[in-house]
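Novice:
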Amino acid sequence: MTTSHTLVAEGLTVGYGDRTVVHDLSLVVPPGSVTAIVGPNACGKSTLLRAMARLLAPRGGHVLLDGAAVHRTPAKALARTLGLLPQSSIAPEGITVADLVGRGRHPHQGLFSRWTREDDLAVAEALEATDTVQLAERPVDELSGGQRQRVWIAMALAQRTDVLLLDEPTTFLDVSHGVEVLDLLTDLNRARGTTVVMVLHDLNMAARYADHLVAMVDGAVHASGAPADVLTEACVRTVFGLDCRVVEDPVSGRPLMVPIGRHHAGRAAAGAEPDGADGADGAVGAGSAPDGAPVPAAGDVALVGRGR
Ligand SMILES: Nc1ncnc2c1ncn2[C@@H]1O[C@H](COP(=O)(O)OP(=O)(O)OP(=O)(O)O)[C@@H](O)[C@H]1O
Ligand SMILES: [Mg+2]
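If you count the sequence shown from 1, position 179 lands on 179 in my numbering, and the numbers rise without skipping.
(1) By DSSP, does T13 sit in helix, in strand, or in coil?
(2) Go through the region 149 to 222 residue by residue and report every complete run of the beta strand (DSSP E) that reaches 3 residues or more, in order.
(3) What does the Cβ neighbour count give for H201, buried or exposed, with the cut at 16 atoms within 10 Å?
(4) On a CA-only basis, which of G83, D211, A270, L25 is nearest A53? Give me that one, please.
(5) To the nearest angstrom, report how far apart S176 and G193 are at their CA atoms.
(6) Count the other CB atoms within 10 Å of the CB of P74; is the residue buried (16 or more) or exposed (fewer)?
(7) Considering just the uninterrupted stretch of the beta strand (DSSP E) at C244, what are its terminal residues?
(8) In chain order, what residues of the same chain have a beta carbon less than 8 Å from the beta carbon of T96, not counting five sequence neighbours either side?
(9) Taking the alpha-carbon positions, what's the L242 to V236 distance?
(10) So what does A68 bridge to, in DSSP terms?
(11) Taking contact to mean 3 or more Cβ pairs, one atom from each stretch, closer than 8 Å, check whether the region 165 to 181 and the region 106 to 117 are in contact.
(12) For V21, name the three-state secondary structure that DSSP assigns.
(13) Look up L7 in the DSSP assignment and say whether it is helix, strand or coil.
(14) Hey, how far is the Cα of S26 from the Cα of R262?
(15) Reducing DSSP to helix, strand and coil, say where L143 ends up.
(16) Heavy atom of ligand 2 less than 7 Å from the Cβ of S89, yes or no?
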């Protein structure tokens, strides 16, 4: 089974109060593929995702799902095709995991909603897929951060939409559960043709799992395309202000970004030239003294951050 929903942002401008955060942004999400959006804290990734999911109204331009403006589509109708896992959500007090995941079925229920066998199946499958079956009867507010994140993912999966937007789905997850979630999203994409758009801070996981990589900076798209074309040393320097090496991931063959940082600049300078596609960038970063000794660099930012 494949789906072919088109999701496009055209000249999208979004902001809060008197601040514009996303500026005249255009983006075509390749249908039936996995797109990852990366970019520094506060560059507008969540704002873009929320606008694409109709939660923020555009100040300019529009978001089109299958040619129709999402902001003119009724919320429930949109939610049958497009789901959003927000960056952070607060569960109603005391709600159990099973009940919260069941809320993912709401868009599929009519005015006099009757719970169907299909709803049961969707919830059971979502709990199974996210390794949360054993948590089903527990109150969500008693769970650990990682358990809770998996429950929210289960709710998004239970919605069974053809287009799934996820804002940092692997935040809070240990490495094994993080990889499992990305494998799971890939399974959904390959088996059902689900179009997946996810914001990730882990550039290497983004490059490994995405068919299409989008690098954002200052509310605009800096680069987009195949991960090998986007995740380059020059791009990481421009977008994150970080010097790095890009080598080939021995497992996936995709680009693997190794940050340098102030404390390892000398060693990186003394090492072999990078053999990645972006070798022309050189190995010594702007944060290094001529002799390779590390000096503080204002642009040396952490790659993983929650911005909360
Ligand atoms: N509800 C809001 N009201 C006012 N300003 C907001 C609101 N939400 C976000 N912003 C501002 O918009 C800018 C972009 O925020 P956004 O959450 O889109 O960033 P992000 O790229 O998702 O960052 P992060 O990686 O930290 O999640 C930030 O400067 C932020 O302070
Ligand atoms: Mg965000």
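All C-beta atoms in this analysis are idealised placements derived from N, C-alpha and C, irrespective of residue type, glycine included.
Specialist: In short, the structure shows the following:
(1) Here T13 sits in strand by DSSP.
(2) Taken in chain order, the unbroken stretches of beta strand (DSSP E) that lie wholly in the region 149 to 222 and span 3 residues or more are 163 to 167, 195 to 199, 212 to 217.
(3) buried
(4) Considering only alpha carbons, the answer is G83.
(5) 24 Å
(6) It is exposed - the Cβ of P74 has fewer than 16 other Cβ atoms within 10 Å.
(7) 244 to 248
(8) A136, E137, R138, P139, V140
(9) Between L242 and V236, the C-alpha separation is close to 6 Å.
(10) L65
(11) no
(12) strand
(13) The answer is strand: DSSP assigns L7 an E or B state.
(14) 35 Å
(15) coil
(16) no
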